[in-house]
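Accompanying notes for the structure given below.
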Amino acid sequence: MHNSLAEKVYLQLDNTVYTTDKTIWFKAILINAGTHQTAYSSGILYVDLIDSKQHIVNSKLIKINDGIGNGHFELDRSYEPGMYLIRSYTEWNKNFNSDFIFEKDIQIFSENKNDKYHKPIQNIRRVDSNAIAQRFKANLYPKLIDPDHKKSLMVFVTQDDQIDTLISKRGKEDSYVLDYEISNQSKRVELSFLTDNERSYSTSFSPQLDYIDLQFFPESGHLINGLSNRVGFKAVGADGRGVFVEGYVLNETNDIITSFKSNTLGMGSFKLEDVYSSARYKVQLKSDYNTSENIYYLPQVIQSGYLMNVISKKDKIYVAAKTNIKGDNSIVLKGMSRGFEYLKQEATLINGSFIYVFPKQLFPEGIIAFTLFDNTNRPVAERLFFNHDVSKRLMINSTFDQKNRYQRDKIDLSISTQMPDKIPVSANVSVLVLNKENLDSNHQNIQSYFLLSSDLKGPIENPKFYFQDGHIEDIDFLMLTQGWRRYKYHDPIRKLNYKLEKNLNVSGIVTPKNSKNKNNPIELMLMTFDTQRSVYTTDVVAPGSFEFQLNDIYGQEQEIVIQALDNTKTDKNDYHIALNKKTELPVDFVLNTISGVKDSLVQKIVEKNRAFKNKQEQYYFNTFGTTKLDEVVINGYRMTPLRKKMADNYGRPNAVIDGKDLREAESELSTGLFSVLFSSSFRDKIIVTRGVTGGLSAKTAKGGRGHITLFVVDGEPVTEVNMPLLQYLLVDEITSVEVIDNPRKLKKLYSIVMSAPPPHGRFEGSIISIYTRSAKGLFGAIRTSEEKLELNTIPVFSIEKEFYAPKHDSNHVHDLSVPDLRSTIFWEPQLLINDKGVQTLSYYHSDNVGTFQIIIEAISKTGEIGYQVLNYTVEERTN
Numbered sequence: 000m001h002n003s004l005a006e007k008v009y010l011q012l013d014n015t016v017y018t019t020d021k022t023i024w025f026k027a028i029l030i031n032a033g034t035h036q037t038a039y040s041s042g043i044l045y046v047d048l049i050d051s052k053q054h055i056v057n058s059k060l061i062k063i064n065d066g067i068g069n070g071h072f073e074l075d076r077s078y079e080p081g082m083y084l085i086r087s088y089t090e091w092n093k094n095f096n097s098d099f100i101f102e103k104d105i106q107i108f109s110e111n112k113n114d115k116y117h118k119p120i121q122n123i124r125r126v127d128s129n130a131i132a133q134r135f136k137a138n139l140y141p142k143l144i145d146p147d148h149k150k151s152l153m154v155f156v157t158q159d160d161q162i163d164t165l166i167s168k169r170g171k172e173d174s175y176v177l178d179y180e181i182s183n184q185s186k187r188v189e190l191s192f193l194t195d196n197e198r199s200y201s202t203s204f205s206p207q208l209d210y211i212d213l214q215f216f217p218e219s220g221h222l223i224n225g226l227s228n229r230v231g232f233k234a235v236g237a238d239g240r241g242v243f244v245e246g247y248v249l250n251e252t253n254d255i256i257t258s259f260k261s262n263t264l265g266m267g268s269f270k271l272e273d274v275y276s277s278a279r280y281k282v283q284l285k286s287d288y289n290t291s292e293n294i295y296y297l298p299q300v301i302q303s304g305y306l307m308n309v310i311s312k313k314d315k316i317y318v319a320a321k322t323n324i325k326g327d328n329s330i331v332l333k334g335m336s337r338g339f340e341y342l343k344q345e346a347t348l349i350n351g352s353f354i355y356v357f358p359k360q361l362f363p364e365g366i367i368a369f370t371l372f373d374n375t376n377r378p379v380a381e382r383l384f385f386n387h388d389v390s391k392r393l394m395i396n397s398t399f400d401q402k403n404r405y406q407r408d409k410i411d412l413s414i415s416t417q418m419p420d421k422i423p424v425s426a427n428v429s430v431l432v433l434n435k436e437n438l439d440s441n442h443q444n445i446q447s448y449f450l451l452s453s454d455l456k457g458p459i460e461n462p463k464f465y466f467q468d469g470h471i472e473d474i475d476f477l478m479l480t481q482g483w484r485r486y487k488y489h490d491p492i493r494k495l496n497y498k499l500e501k502n503l504n505v506s507g508i509v510t511p512k513n514s515k516n517k518n519n520p521i522e523l524m525l526m527t528f529d530t531q532r533s534v535y536t537t538d539v540v541a542p543g544s545f546e547f548q549l550n551d552i553y554g555q556e557q558e559i560v561i562q563a564l565d566n567t568k569t570d571k572n573d574y575h576i577a578l579n580k581k582t583e584l585p586v587d588f589v590l591n592t593i594s595g596v597k598d599s600l601v602q603k604i605v606e607k608n609r610a611f612k613n614k615q616e617q618y619y620f621n622t623f624g625t626t627k628l629d630e631v632v633i634n635g636y637r638m639t640p641l642r643k644k645m646a647d648n649y650g651r652p653n654a655v656i657d658g659k660d661l662r663e664a665e666s667e668l669s670t671g672l673f674s675v676l677f678s679s680s681f682r683d684k685i686i687v688t689r690g691v692t693g694g695l696s697a698k699t700a701k702g703g704r705g706h707i708t709l710f711v712v713d714g715e716p717v718t719e720v721n722m723p724l725l726q727y728l729l730v731d732e733i734t735s736v737e738v739i740d741n742p743r744k745l746k747k748l749y750s751i752v753m754s755a756p757p758p759h760g761r762f763e764g765s766i767i768s769i770y771t772r773s774a775k776g777l778f779g780a781i782r783t784s785e786e787k788l789e790l791n792t793i794p795v796f797s798i799e800k801e802f803y804a805p806k807h808d809s810n811h812v813h814d815l816s817v818p819d820l821r822s823t824i825f826w827e828p829q830l831l832i833n834d835k836g837v838q839t840l841s842y843y844h845s846d847n848v849g850t851f852q853i854i855i856e857a858i859s860k861t862g863e864i865g866y867q868v869l870n871y872t873v874e875e876r877t878n
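Under numbering that gives the first Met the number 0, the letters of the sequence shown match residues 0 to 878, in that order.
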């Protein structure tokens with residue numbers, strides 16, 4: 000099918016609950032939706048961090064090699080506490096429906112104790128009752144999903160399909176209190192609210208504490224008259240989660256036909272022998288048996304039709320087809336997995352039945368859609384079945400010393416990968432180490448996502464549960480119940496409008512401004528301003544389209560120039576160059592109220608993070624007399640993160656020119672930063688001179704001949720080739736210009752700027768450090784004119800950040816004294832294992848004690864998936 004051409008995206012996150020002083024680490028895996036192979040995948044992955052206002056607050060382009068990449072989001076205090084969505088996709092996946100976009104809800108809290116752990120609706124409680132109704136109260140916190148909400152709150156109460164709209168006013172601490180009477184007859188109540196900016200949140204509960212919604216799903220579609228039928232069932236409580244049930248199936252005379260019992264997630268199945276369309280079958284739970292309470296009716300039995308029963312035994316799959324229809328009983332069974340047809344077999348029903356038998360090896364591991372067609376090629380029954388086949392899984396063999404562990408001990412781990420037949424196979428492996436107490440026991444993993452969640456509609460409660468030992472039958476219950484939802488590969492074929500991206504590219508259209516230049520050939524040049532300063536050329540006939548395939552560029556946004564190769568003014572006046580803009584993917588952030596992390600676990604993680612932060616700050620205060628904060632004020636100088644980076648590398652500034660003073664000195668004739676400095680009273684700090692060609696240059700006032708002035712914008716060195724562009728910086732975009740005389744690491748900075756070793760012997764110099772509003776460096780605040788450079792901005796690959804883990808040995812004395820309270824103990828996103836050897840890795844444990852989990856996820860190039868969890872315990876060191 001068409002959607003088998005799509006790509007599946009999986010992000011392994013180090014957690015789903017963060018405070019604003021943490022980093023979100025992730026590994027990205029990209030595979031073909033049909034084959035699960037990593038080869039031939041896109042080379043660019045888009046990862047967005049979206050807040051509850053549906054704003055993309057941060058976005059990354061991740062370089063993908065052979066289906067694998069990794070990245071991070073570094074949080075800080077600018078992030079509003081609340082619910083966030085991490086979304087990931089490729090340009091190619093825009094051709095398909097939203098099922099192939101990876102989404103994961105996370106929660107971000109302040110590192111300080113100034114926000115709540117609450118969900119947006121919480122503390123629903125009964126405060127009074129009478130013979131007719133019960134009075135309930137609930138606390139609503141709209142600012143958790145809409146920080147700008149200020150007015151009264153619109154609240155909706157739905158009782159068994161009857162909707163009431165209320166207006167609630169704000170109480171203490173941004174809490175809104177709902178006070179409402181609910182009928183004693185109501186079985187299910189939904190509460191929702193709508194904020195000023197139309198953000199909504201909803202949850203449900205039942206006034207009847209023992210309320211259970213029991214649903215029935217006949218195998219392959221219907222209960223058929225005169226045939227034995229298997230029926231799946233699912234029991235859901237008022238909170239939307241599965242609940243354990245057991246009970247009886249009764250006929251119209253209340254005779255017990257059979258009994259049933261669910262698993263812990265409320266799912267199971269039972270078999271009905273020879274049901275009849277004249278009968279009406281019902282169910283009572285064991286606690287209600289022989290009462291008139293809580294009667295649940297099965298679907299009506301239909302007079303005629305087809306059904307399928309699917310089971311597996313050892314290495315075989317058995318599909319039994321049955322019908323009570325007389326006549327030509329030729330049938331066709333098709334078996335599809337991930338959009339590919341693996342089976343098509345005709346048969347003739349004998350006495351209304353036929354049993355197909357297939358080896359499990361015929362299909363890949365995962366979900367199979369069996370569809371039965373009658374003699375008119377009409378689909379008459381469908382059944383999803385999970386092919387459980389461990390012979391197709393990647394086996395991870397990992398070993399480490401099981402001795403008693405203490406704080407800051409070194410952990411040595413060896414890992415190898417092979418197939419179940421013991422044949423070694425190369426794989427890309429990730430290793431994540433976390434405190435077991437901080438882990439949601441129901442968290443998604445690479446195995447449950449690629450084999451289950453990515454091919455089934457709707458959220459799955461506790462997907463990890465189905466891949467634990469002894470739960471093969473449970474996964475079939477899931478197929479019988481949730482498998483009724485629309486399968487992902489049934490979309491029709493349509494035009495593919497988006498290309499598969501392997502590299503960074505720039506495309507656009509050249510059009511002549513008058514007809515005399517129509518059909519003229521033009522040689523276009525594209526130039527980048529990264530450290531490589533690469534130049535690309537291509538030929539195009541106007542009007543026509545062009546495309547440049549770029550080398551890998553890393554950083555933030557990158558400025559480029561596109562123009563005719565000879566760069567004459569005539570070319571610019573005669574032709575218009577327009578770049579293609581990528582279609583933005585709409586944001587649809589729907590909060591998942593069912594499968595989120597438990598409130599108690601969230602609270603524990605946040606409290607631990609805050610406690611660790613306080614201990615670290617106390618250490619810095621006791622050691623250095625100051626607190627390690629993102630922003631502090633020292634003698635009227637606000638130490639922002641960028642300023643601190645400069646101070647740590649090169650030293651404190653000797654002179655500061657505030658952006659406000661620059662703007663006051665600007666005139667209508669100013670052409671940029673240097674022209675303002677040239678004509679004003681800043682010459683005691685910075686001297687600006689005009690060259691022979693009219694260009695402006697600047698140097699610090701201190702020092703004479705041989706004194707070197709280097710430039711840094713937003714913490715990034717300005718290379719020699721880009722120095723002429725400094726004069727065009729927009730004054731409105733500048734927050735400050737600062738002078739650092741006799742800085743540290745001057746020789747190292749000189750080598751970066753000049754792309755050459757520094758002069759021999761002693762030399763002196765200064766740094767002019769410029770800070771801009773956008774903090775995007777030189778090209779984020781540059782002024783150009785038509786006669787100068789026509790700059791365009793393109794996104795480039797995110798720089799990979801190495802996970803820092805202190806080394807607690809004698810070679811790293813500094814690490815020995817600093818408190819080590821990492822929430823993520825260790826993170827290695829890409830450990831490459833070849834097809835012959837074993838990889839080893841080492842890390843030092845932190846000061847944390849308790850039980851810790853090593854989570855290992857692996858994938859081979861051909862799509863075999865491996866997952867393993869190891870546990871170890873760490874005790875407090877007493878000596």
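All C-beta atoms, glycine included, are put in the ideal place defined by N, C-alpha and C.
Bear in mind that the values here come from a model prediction, so they are computed numbers and not experimental data.
Can you name the start and end residues of the alpha helix (DSSP H) that residue i belongs to?
i: residue 477; result: 471-480
i: residue 675; result: 672-677
i: residue 658; result: 658-664
i: residue 445; result: 445-450
i: residue 644; result: 640-649
Quick one, which of the options has its alpha-carbon nearest residue i's?
i: residue 182; options: 574, 205 and 754; result: 205
i: residue 148; options: 198, 161 and 292; result: 198
i: residue 796; options: 59, 215, 357 and 500; result: 59
i: residue 458; options: 185, 468, 469 and 482; result: 482
i: residue 61; options: 55, 52, 72 and 53; result: 72
i: residue 23; options: 865, 781, 657 and 799; result: 799
i: residue 728; options: 710, 739 and 609; result: 710
i: residue 466; options: 18, 55, 865 and 869; result: 865
i: residue 91; options: 99, 245 and 84; result: 99
i: residue 305; options: 449, 331, 288 and 83; result: 331
i: residue 26; options: 17, 791, 11 and 672; result: 11
i: residue 81; options: 263, 860 and 601; result: 601
Is the beta carbon of residue i less than 8 Å from the beta carbon of residue j?
i: residue 854; j: residue 557; result: no
i: residue 237; j: residue 95; result: no
i: residue 3; j: residue 33; result: yes
i: residue 665; j: residue 730; result: yes
i: residue 224; j: residue 303; result: yes
i: residue 216; j: residue 231; result: yes
Name the two residues that bound the continuous beta strand (DSSP E) containing residue i.
i: residue 153; result: 152-158
i: residue 358; result: 352-358
i: residue 864; result: 864-874
i: residue 16; result: 16-18
i: residue 372; result: 365-372
i: residue 710; result: 707-712
At a cut-off of 7 Å, would you count residue i as near the ligand MN, judging by its Cβ distance to the nearest heavy atom?
i: residue 9; result: This structure does not include the ligand MN; it has no bound ligands of any sort.
Inside the region 208-275 only - beta strand (DSSP E) runs reaching at least 3 residues: 211-217, 228-236, 245-249, 255-260 and 266-271
Taking only runs of the beta strand (DSSP E) that begin and end inside the region 54-137, which ones reach a length of at least 3 residues, in chain order? 55-62, 67-73, 81-88, 101-108 and 120-128
Any chance the region 511-529 sits against the region 538-545, with 3 or more Cβ pairs inside 8 Å? In the pairwise beta carbon analysis, the region 511-529 is classified as touching the region 538-545: at least three pairs are separated by under 8 Å.
At which residue ranges does the region 809-858 contain complete alpha helix (DSSP H) runs of 4 or more residues, listed in the order of the chain? 812-816
Any chance you could list the beta strand (DSSP E) runs of at least 3 consecutive residues sitting entirely within the region 737-771, in chain order? The region 737-771 is shown to contain whole beta strand (DSSP E) runs of 3 or more residues at 764-771, in chain order.
Any contact of the region 404-416 with the region 828-835, i.e. 3+ C-beta pairs under 8 Å? yes
Does the count of Cβ pairs from the region 276-285 and the region 306-322 closer than 8 Å reach three? no
Are the region 37-50 and the region 13-21 touching by the rule of at least three beta carbon pairs closer than 8 Å? No, because fewer than three Cβ pairs between the region 37-50 and the region 13-21 fall closer than 8 Å, the two stretches do not touch.
Within 8 Å, do at least three Cβ pairs link the region 348-357 to the region 310-319? yes
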